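2 protein chains.
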Amino acid sequence: MLHQETYHSVRHPVPMGFPRRSAASQERPLSEALTEVGVRHRYSRNSEIFGEGEPVENVYLVVSGAVRTYKLLSDGRRQIGDFHIQGDVFGLEVGDERQFTAEAIADSVVMVASRSALVSMANDDTSLAAELWSHTANDLKRAQDHLLLLGRKRAQERVATFLLDMAGRNRADIIVELPMSRQDIADYLGLTIETVSRTLTRLEDDEAIEIPSSRRIVLSDKRALRRLNA
Amino acid sequence: MLHQETYHSVRHPVPMGFPRRSAASQERPLSEALTEVGVRHRYSRNSEIFGEGEPVENVYLVVSGAVRTYKLLSDGRRQIGDFHIQGDVFGLEVGDERQFTAEAIADSVVMVASRSALVSMANDDTSLAAELWSHTANDLKRAQDHLLLLGRKRAQERVATFLLDMAGRNRADIIVELPMSRQDIADYLGLTIETVSRTLTRLEDDEAIEIPSSRRIVLSDKRALRRLNA
DNA sequence: CGACGGCTTGATCCGAGTCAATCCTGGTGG
DNA sequence: CCACCAGGATTGACTCGGATCAAGCCGTCG
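So the protein lines, in turn, are chains F and Z. When you line the first sequence up against the working numbering, it's residues 1 to 230, in that order. When you line the second sequence up against the working numbering, it's residues 231 to 460, in that order.
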């Protein structure tokens with residue numbers, strides 16, 4: 001039985017679904033299962049959670065703070081694949097080896113659960129199995145949107161897309177608190193730090209956004225941003 | 231039970247694995263299941279197989295020919311997410327709506343199977359269920375490599391990576407037959423057709439490759455290409 | 001209050017894009 | 001069999017968006 005959910009409904013508690021069979025088969029079994037079997041762990045700013053090439057042992061849930069996942073080229077160029085904030089599950093992979101590195105962006109608290117434990121739970125819980133698959137599928141969906149951004153959007157469009165996406169994640173909606181630095185944003189958007197900075201300034205001049213402080217952006221004209229989103 | 235395989239072992243027949251329980255539980259149950267329950271269908275060059283936004287009904291296996299999947303921006307800029315050739319499964323998604331469009335690059339023969347049929351088969355066949363997940367995870371892995379390419383590699387590196395990837399897919403290894411046009415390659419690599427063409431010419435001048443005809447590339451110096459691959 | 005790290009701004013450069021001809025080459029019809 | 005044609009590919013000249021290089025600025029924390 002396929003059980004599909006949007007990224008948001010996975011991330012944010014939803015009003016207690018229809019319980020089936022057991023207590024484990026509710027609307028968001030993955031983060032629940034992970035919370036049940038996982039262990040709380042604290043990572044300080046910029047510390048590595050796992051590294052590319054390491055064996056895959058655990059799956060993670062962000063309790064507080066934020067995490068970046070990225071790949072490096074041999075000369076140090078970095079591409080951040082995604083950011084993970086409170087409520088996000090990350091590090092769920094199927095293969096033996098980590099495909100990327102994960103680091104805490106800020107001091108963070110994370111639940112750490114063994115993948116094999118989750119997978120064996122999924123053997124008796126169809127809805128958990130479905131959500132494991134569904135979570136990977138959702139990561140893929142995000143990656144595909146990101147491909148379009150990196151391959152075909154101009155700097156302004158990239159930044160606008162990024163801001164709208166960040167706004168969609170919190171329920172703050174119009175005020176975006178950025179947990180990450182300009183360098184992180186640049187490496188996520190395939191730009192340089194200078195271009196990110198200039199583009200934000202330009203959007204502020206055009207009155208699409210306000211920047212009360214460098215880590216806080218107010219999306220005062222979302223319509224304008226969406227227009228840029230192509 | 232997790233059952234992990236590389237993209238290649240999924241794509242190319244492997245010497246009959248260890249049969250478990252039933253005949254369906256072999257080494258590559260997904261393409262087998264798809265072949266069993268699927269219907270052969272022919273698509274002519276440039277015809278659409280499914281379109282972004284349409285409901286997801288089927289899953290596909292390329293029998294012959296080649297397929298591209300892509301997203302468009304409103305002004306027509308196109309980003310190709312991946313190419314699919316003989317033996318590849320594509321169009322396996324978890325959500326309700328197609329996230330991208332699929333088109334035949336050349337006249338192609340494809341097996342078409344209903345997703346719900348496959349999913350219900352997976353209910354009684356753990357190894358099929360595992361491979362459904364594993365297939366999506368593999369698409370994600372490829373997408374992540376592609377993110378690094380689009381976000382951080384220069385034109386020469388992109389083309390070198392592309393050629394090595396294409397070579398890795400066939401077992402031809404050193405002679406690559408390209409089913410797609412320069413425009414397709416450009417839209418896959420986030421470049422223009424002119425840049426792709428110039429870069430290939432440059433690689434030929436540098437004696438990393440030979441181009442006996444525009445659709446056939448000989449990777450005469452793979453080491454040089456790998457060096458470019460960063 | 002000073003210093004450091006992160007951010008912004010300015011000046012200049014350059015890799016890839018754009019615009020514009022050709023140049024194949026594979027397919028067609030005479 | 002050959003000449004022609006159309007669409008794809010290559011090449012050239014020039015442009016431009018974003019990168020690079022280089023100062024400053026600002027806010028936070030000791």
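Backbone N, C-alpha and C define an ideal beta-carbon position, used for all residues, glycine too. Keep in mind that this is a model prediction, so the values were computed, not measured.
In three-state DSSP terms, what is residue i?
i, result
"residue 252 of chain Z", "Only weak support is given to the placement of residue 252 of chain Z: the predicted model assigns it a pLDDT of 43, under 50, and the question is left unresolved by the model."
"residue 112 of chain F", "strand"
"residue 138 of chain F", "helix"
"residue 457 of chain Z", "helix"
"residue 246 of chain Z", "Per-residue confidence for residue 246 of chain Z stands at a pLDDT of 37, beneath the threshold of 50, marking its modelled position as unreliable; the derived number appears in the next sentence. In this structure, residue 246 of chain Z counts as coil in the three-state DSSP scheme."
Count the other CB atoms within 10 Å of the CB of residue i; is the residue buried (16 or more) or exposed (fewer)?
i, result
"residue 212 of chain F", "exposed"
"residue 268 of chain Z", "buried"
"residue 29 of chain F", "buried"
"residue 461 of chain Z", "Coverage of chain Z is limited to positions 231 through 460, which leaves residue 461 of chain Z absent and any answer about it impossible."
"residue 381 of chain Z", "buried"
"residue 399 of chain Z", "buried"
"residue 321 of chain Z", "buried"
"residue 445 of chain Z", "exposed"
"residue 368 of chain Z", "buried"
"residue 42 of chain F", "exposed"
"residue 277 of chain Z", "exposed"
"residue 283 of chain Z", "exposed"
"residue 295 of chain Z", "buried"
"residue 23 of chain F", "For residue 23 of chain F, the pLDDT reaches just 43, beneath the cut-off of 50, and the residue's location in the model is therefore unreliable, leaving the point undetermined."
"residue 223 of chain F", "exposed"
"residue 304 of chain Z", "exposed"
"residue 311 of chain Z", "buried"
"residue 44 of chain F", "exposed"
"residue 35 of chain F", "exposed"
"residue 157 of chain F", "buried"
"residue 79 of chain F", "buried"
"residue 457 of chain Z", "exposed"
"residue 467 of chain Z", "Residue 467 of chain Z cannot be examined here, being either before or after the span of chain Z that is shown, 231 to 460."
"residue 205 of chain F", "exposed"
"residue 429 of chain Z", "buried"
Which residues share a DSSP beta bridge with residue i?
i, result
"residue 448 of chain Z", "Z/405 and Z/440"
*Every unbroken beta strand (DSSP E) within the region 39–112 of chain F, with a cutoff of 3 residues, ordered by chain*: Listed in chain order, the complete beta strand (DSSP E) runs (minimum 3 residues) inside the region 39–112 of chain F are 39–43, 48–50, 58–64, 66–72, 78–85 and 101–104.
_In chain order, what are the residue ranges of uninterrupted beta strand (DSSP E) at least 3 long that sit wholly in the region 375–446 of chain Z?_
Taken in chain order, the whole beta strand (DSSP E) runs of length 3 or more contained in the region 375–446 of chain Z are 405–407 and 440–443.
*asked:* Count Cβ pairs between the region 405–412 of chain Z and the region 342–352 of chain Z that sit closer than 8 Å; are there 3 or more?
replied: Contact between the region 405–412 of chain Z and the region 342–352 of chain Z is absent, with fewer than three C-beta pairs closer than 8 Å.
_contact_flag[the region 362–374 of chain Z, the region 326–334 of chain Z] where n(CB pairs < 8 Å) is 3 or more_ = Contact between the region 362–374 of chain Z and the region 326–334 of chain Z is not established, with fewer than three Cβ pairs separated by less than 8 Å.
*Does the region 121–130 of chain F touch the region 48–65 of chain F, meaning 3 or more C-beta pairs lie closer than 8 Å?*
Touching, no.
*If we count Cβ pairs, one from each stretch, closer than 8 Å, do we get three or more for the region 156–175 of chain F versus the region 356–364 of chain Z?*
The region 156–175 of chain F is not in contact with the region 356–364 of chain Z.
_At least 3 beta-carbon pairs within less than 8 Å: the region 416–423 of chain Z vs the region 333–343 of chain Z_ = Output reads no: the region 333–343 of chain Z does not touch the region 416–423 of chain Z.
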